[in-house]
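This report refers to the structure that appears directly beneath it.
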Amino acid sequence: MLGLDAPSDERCSRASCGQPAASRVNWRNPRIHGPERVKVWLACEEHREYLRDYLASRGFPVVVTALDAPLDRLPENA
Numbered sequence: 877m878l879g880l881d882a883p884s885d886e887r888c889s890r891a892s893c894g895q896p897a898a899s900r901v902n903w904r905n906p907r908i909h910g911p912e913r914v915k916v917w918l919a920c921e922e923h924r925e926y927l928r929d930y931l932a933s934r935g936f937p938v939v940v941t942a943l944d945a946p947l948d949r950l951p952e953n954a
């Protein structure tokens, strides 16, 4: 059984990274989904801004949160 201090097996979503995740990059495609639909990419410290910028440059609402802070919806103009 795993203890509370067990290492997380959650890894960065950046292709070929594999580093432990430190943040959640919460996003959605507004052309397809409403604010209640939240997709999540996990990010290590190094790739957090890269992943956020990648999504934001496509006009997707994006909110970066701590790994342990899930969102249930995204604002219209995040």
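So in the working numbering, the last spot in the sequence shown is 954, and the numbers never skip. By construction, the Cβ of each residue, glycine as well, lies at the ideal position given by its N, Cα and C atoms.
- When DSSP states are grouped into helix, strand and coil, residue 932 belongs to the helix group.
- By the neighbour-count criterion, in which a residue is buried when 16 or more other Cβ atoms sit within 10 angstroms of its Cβ, residue 934 is exposed.
- Excluding sequence positions up to five before and after residue 911, its CB lies within less than 8 Å of the CB of 904, 937, 949, 950, 951, 952, all in the same chain and listed in chain order.
- DSSP, read as helix, strand or coil, puts residue 927 in helix.
- Listed in chain order, the non-local C-beta contacts of residue 901 below 6 Å within the same chain comprise 917, 919, 927, 928, 940, local neighbours out to five positions each way being set aside.
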